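The sequence shown lines up with residues -3 to 329 when you count with our numbering. This report concerns only the one structure given below.
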Amino acid sequence: MMPAGALHPRTLLIVLLAATPLVIWLALQTGELVMSPADLWTPDSLAHQVFVELRLPRLCLTLLAGALLGVTGAAVQAMFRNPLADPSLIGVSAGAGFAAVAMLVLGDAVVSQMGAVALPLSAFVGGLLATGLVFRIGRGVDGVSVTTMLLVGIAINAIAASGISALKYFSDAFTLRQVVFWLMGGLQHQGWQAVWTLMLIALPVLVGLFSQGRILNLLLLGERQAALLGVSVVRCHRILILLSALGVGAVVAVGGMIGFVGLVVPHLVRLLIGPDNRYLLPLAALLGALFLTLADIVARVIISPAEMPLGVVTALVGGPFFLMMIVYRRRGA
-3 MMPAGALHPR TLLIVLLAAT PLVIWLALQT GELVMSPADL WTPDSLAHQV FVELRLPRLC
57 LTLLAGALLG VTGAAVQAMF RNPLADPSLI GVSAGAGFAA VAMLVLGDAV VSQMGAVALP
117 LSAFVGGLLA TGLVFRIGRG VDGVSVTTML LVGIAINAIA ASGISALKYF SDAFTLRQVV
177 FWLMGGLQHQ GWQAVWTLML IALPVLVGLF SQGRILNLLL LGERQAALLG VSVVRCHRIL
237 ILLSALGVGA VVAVGGMIGF VGLVVPHLVR LLIGPDNRYL LPLAALLGAL FLTLADIVAR
297 VIISPAEMPL GVVTALVGGP FFLMMIVYRR RGA
């Protein structure tokens, strides 16, 4: 049942779908080079090359990455029954980021042998280990302790930050510059190979998490009640952890540290339509895709002709929103 005053999920879906063509058009038209339809159909023109090799793959990446961050954020919040939970706040992004930076700084031989798979794989493993540790320590006799989970996430973030600082200290000038720009987040230097890699990961993650909507609704009742209703709680948590770590790890590997999308987007959708995860998960994915694409547009125009890192833009939006959520919850209490 929807809460009083909430939108019907179909209404929000129609609004988001109606906004999608406009957002896509803005993303493809934003940049120093002005394009006309005639230029795009001329294969040898500069506009055609910029469109095919730069703007179109970048658009695909922002849509895929935003969808993954939105849906994994919604899944993590539902799993821990806390709207303040987020893959970055509980250490997933930090673990993935540390592993990816370690691969950039120390893994030259591994990267040369494994190629483009090395960075996403290392980020996935790091995110999975961090999530598993948070869940392992945060899980007590009575289920998951949200307070313990957040405290462990803070500790993992601190450990990962110190590890990244140490790796930066011992890296050479070229690697240090590469790591610093990567940590600030951005998708401007990626091409079609990154698109296919992220799509290969995004499709099973999105389908897998969408299929967990009914089970997540039962988990909102509490782990004991869900178990009485036939839910294998431990198995469900393992699936959610695996899919969330895979999705966030892939985004971190491709785009660096892009924070707060998984916090802001699911919370907005929940405020609009209520907590039913059957609708919340797909709508969070769609809104996340549009939100990150709009953030990328802002990153391109705010200090044009230079670009602001995408992670900086999402943090500028997400940080104040997070503070507003905390104040709102305190007043509500």
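A virtual CB, placed ideally from N, CA and C, is assigned to each residue, including glycine. Treat the numbers as computed from the prediction; the structure is a model and nothing was measured.
| query | result |
| --- | --- |
| Roughly how many angstroms lie between the CA atoms of GLY209 and GLY93, to the nearest whole one? | 28 Å |
| Starting from ILE20, trace the alpha helix (DSSP H) both ways and give me its first and last residue. | 5 to 25 |
| Spatial neighbours of ALA295 within its chain, please: CB distance less than 8 Å, with the 5 preceding and 5 following residues excluded, ordered by chain position. | GLY182, GLU303, MET304, PRO305, LEU306, VAL308 and VAL309 |
| How many whole angstroms separate the CB atoms of VAL203 and VAL88, which I take to be in contact at a CB cut-off of 8 Å? | Not really, about 20 Å apart at Cβ, beyond 8 Å. |
| For a quick check, are the C-beta atoms of LEU259 and VAL67 less than 8 Å apart? | no |
| DSSP beta-bridge partners for ARG274? | DSSP output for ARG274 lists no bridge partner at all. |
| Leaving out five residues before and five after GLY128 in sequence, what residues of the same chain have Cβ atoms less than 7 Å from its Cβ? | ILE237 |
| Taking the alpha-carbon positions, what's the ALA98 to ALA126 distance? | 15 Å |
| Label SER240 either buried or exposed according to how many other C-beta atoms from any shown protein chain fall within 10 Å of its C-beta, with 16 as the threshold for buried. | buried |
| Suppose you measure from the CA of MET145 to the CA of ARG234; what does that come to, to the nearest Å? | 16 Å |
| From LEU312 to LEU319, what does the alpha carbon distance come to, in whole angstroms? | 12 Å |
| Would the beta-carbon of LEU8 fall within 8 Å of that of MET321? | no |
| Please identify the residue among LEU102, GLY284, GLY91 and GLN221 whose C-alpha is closest to the C-alpha of ALA151. | GLY91 |
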